[in-house]
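The structure appears below as structure tokens.
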Amino acid sequence: GTVAGVTTANQTKLMGATSGVALTGLTNGTKYYVVVTSVSPSGESVVSGEANATPAPPPPAPTGIAVASGNAQATLTWPAVTGATSYNVYYRTTTGATTANSTKITNTTSGTAITGLTNGTAYFFVVTVVKGTNESLASSEVGATPQAPAAGVASGITVTGGIGQATLSWTAVTGASSYNVYYGTAAGVTTTTGTKVTGATSGNAIINLTNGSKYYFIVTAMSNANTIENPASTEVSATPMGIPNLMGGAIQTPLTLAGTVTSVSILATSYVATDGTKLYFTNNVDSAFPTINIANAQPSTTAGFPCACVAGPMDLTTDGNNIYSIGPGFNGAIPAIHKSPIAGGTSSVVTTGLSASPGGITTDGANLYVTAGNSIQRVVIATGVVTTIAGTAGLTGATNAIGAAARFNNPTGITTDGTYLYIADTGNNLIRKLLLADNSVTTVAGGFLGLTYDGTATGARFTAPQGITTDGTNLYVADTGAYAIRKIVLTTGVVTTLAGSYGVSGSAVGTGSAALFTVPRGITTDGTSLYVADSSGVIFKIQ
23 GTVAGVTTAN
33 QTKLMGATSG
43 VALTGLTNGT
53 KYYVVVTSVS
63 PSGESVVSGE
73 ANATPAPPPP
83 APTGIAVASG
93 NAQATLTWPA
103 VTGATSYNVY
113 YRTTTGATTA
123 NSTKITNTTS
133 GTAITGLTNG
143 TAYFFVVTVV
153 KGTNESLASS
163 EVGATPQAPA
173 AGVASGITVT
183 GGIGQATLSW
193 TAVTGASSYN
203 VYYGTAAGVT
213 TTTGTKVTGA
223 TSGNAIINLT
233 NGSKYYFIVT
243 AMSNANTIEN
253 PASTEVSATP
263 MGIPNLMGGA
273 IQTPLTLAGT
283 VTSVSILATS
293 YVATDGTKLY
303 FTNNVDSAFP
313 TINIANAQPS
323 TTAGFPCACV
333 AGPMDLTTDG
343 NNIYSIGPGF
353 NGAIPAIHKS
363 PIAGGTSSVV
373 TTGLSASPGG
383 ITTDGANLYV
393 TAGNSIQRVV
403 IATGVVTTIA
413 GTAGLTGATN
423 AIGAAARFNN
433 PTGITTDGTY
443 LYIADTGNNL
453 IRKLLLADNS
463 VTTVAGGFLG
473 LTYDGTATGA
483 RFTAPQGITT
493 DGTNLYVADT
503 GAYAIRKIVL
513 TTGVVTTLAG
523 SYGVSGSAVG
533 TGSAALFTVP
543 RGITTDGTSL
553 YVADSSGVIF
563 KIQ
């Protein structure tokens, strides 16, 4: 009742009540007095001590709810509600959150983070006010999607041009889930104007570029499960080059040759490379690279480029900026590859990690490829890291297989078209090719018998071939033991003799078999002619 002194006779009675029952229909703001009796088969007990309470309306639903997403969490804030003793938060991952269908967090306060959420998943929240034993209706619903911290801007960007490609590298970005590369042929590439490569990896090549065209690149880091693209890196640029040959050069179209041979003398040369403007030689006498201007066939005014080699360099190649040469390791020296800037400056060591008895060297702009110790090795120019990709040092044979299971016998010359390496397998009298995609080795032409005659593929014969180069359509081979220059059509395997005469050694200019070679070893091309380094002391030009 509403008056103190309640008895069983003078007040409203609720029969069959249990502990915890709510007395409803009362008037808010009015004090009520209550007594309780127990009932048994023998009757009703006397009344309990009297208690009183004043019903009150539920608190109002909170307003002004705000939510901010974070890393696997969301932080809710709201204005304080007068008289509130605590607050409850309810949430779920679909709209329509209520106090009945959502996860409940009790006794929370404004500004407390709801943790343990999944980044990238949308969450929906309502808040209630608790005042005493009363809980308000739910607030208006708010939503947020937790996100991982944003990644930074990619930095340390480097790019190297290769054959129809460019290789980009960058420093890993904390929080990045992937990377994108954008590129174009005009400076000022953006994420809207550039060609996009999604999911790019540092150190991988951007392919299908045009040789001779300059490209500009930017890199962006993705974060938050690839939902946020962060600001772009600074721009870098590179120019893909044409096909590098056994000892340098840049070729983009097949050569048209009549087999006419002329000569330019130079001291005791064995190998030759070109950047398209000059020829660079090794002479096995000193540690320098004599040069000849292609345009006028006259020696360059530059005396050569110092190379920190022992007993003179052997084979060499160029990427247009540097000459890379092999130090043979004579007299107990360690075989090494040296880099000498064409523009001048001090040479440096790229690596000393080669197998014994290195022979030939070529480059794709990002890597060097070397024949060494009956194996084929790749050297990353930027790091000097050496990997054997085919064959096994010290083991000879002619097995066509993948990687270490393949066998060679004193391979020397090597060249590449960007897809394959082509190898003069000297001891086997074979021309081999290695697919760079999987390091599988097969035979292009030749047979084990050391003879020389034209034919198709393995129906042709070579005698200790050493030098090899390519124009992308044909291979050109310095068939050293046969004193001849041979041509192999890549699509058909047809082998012909371009110049020289099998079994006839000499030093003479002429056309076809009228030209004579003594020990033709190195061979390269500037895109118009072939240049053959003969150890008789002559550089022969074939047109």
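Residues in the sequence shown are numbered consecutively from 23, following our numbering.
Heads up, the beta-carbon is just placed ideally off N, CA and C, and yes, glycines get one too.
Query                                                                                                           : Result
Three-state class that DSSP yields for S535 in the structure shown                                              : helix
Candidates Y237, G210 and V241, of which the one nearest G221 by Cα                                             : V241
C-beta atoms of N50 and P81 nearer than 7 Å                                                                     : no
The ligand PLP heavy atom lying under 6 Å from the CB of W100                                                   : Of the ligands one can find in the structure shown there are none, so the ligand PLP has no counterpart to examine.
M244: first and last residue of the uninterrupted beta strand (DSSP E) it sits in                               : Y237 to S245
Three-way DSSP call (helix, strand, coil) for T49 in this model                                                 : coil
Proximity of S41 and V58 at Cβ, strictly below 7 Å                                                              : no
Residue range of the unbroken beta strand (DSSP E) whose run includes R454                                      : L452 to L457
Touch test, the region 501-509 against the region 392-399, Cβ-Cβ under 8 Å, three pairs minimum                 : no
K563 versus T465 - alpha carbon distance                                                                        : 28 Å
Cα-Cα separation, T340 to A295                                                                                  : 7 Å
Opposing strand residues paired with R483 [DSSP bridges]                                                        : Y475
Residues bridged to D501 (per DSSP)                                                                             : A506
Minimum C-alpha distance to A482 - residue among A176, L456, V511 and T491                                      : V511
Contact under 7 Å by Cβ, V151 with Y109                                                                         : yes
Alpha carbon of N74 to alpha carbon of T52, nearest angstrom                                                    : 10 Å
In chain order, each beta strand (DSSP E) run of at least 3 residues that lies wholly inside the region 402-471 : 408-413, 433-438, 442-447, 452-457 and 462-468
Per-residue DSSP class, three states only, for L520                                                             : strand
Residue-level contact to chain D via CB, D337, 7 Å cutoff                                                       : Going by chain labels, chain D is absent from the structure shown, which holds only one protein chain.
Backbone CA spacing between S224 and S191 [nearest angstrom]                                                    : 4 Å
Pairwise C-alpha distance: D447 and Q399                                                                        : 14 Å
Under the three-state DSSP convention, the category S200 falls into                                             : strand
Touch test, the region 88-105 against the region 119-129, Cβ-Cβ under 8 Å, three pairs minimum                  : no
Buried or exposed (CB count within 10 angstroms, at least 16 for buried), I87                                   : buried
Pick from K218, A160, G489 and S527 that is closest to M336, judged by C-alpha positions                        : G489
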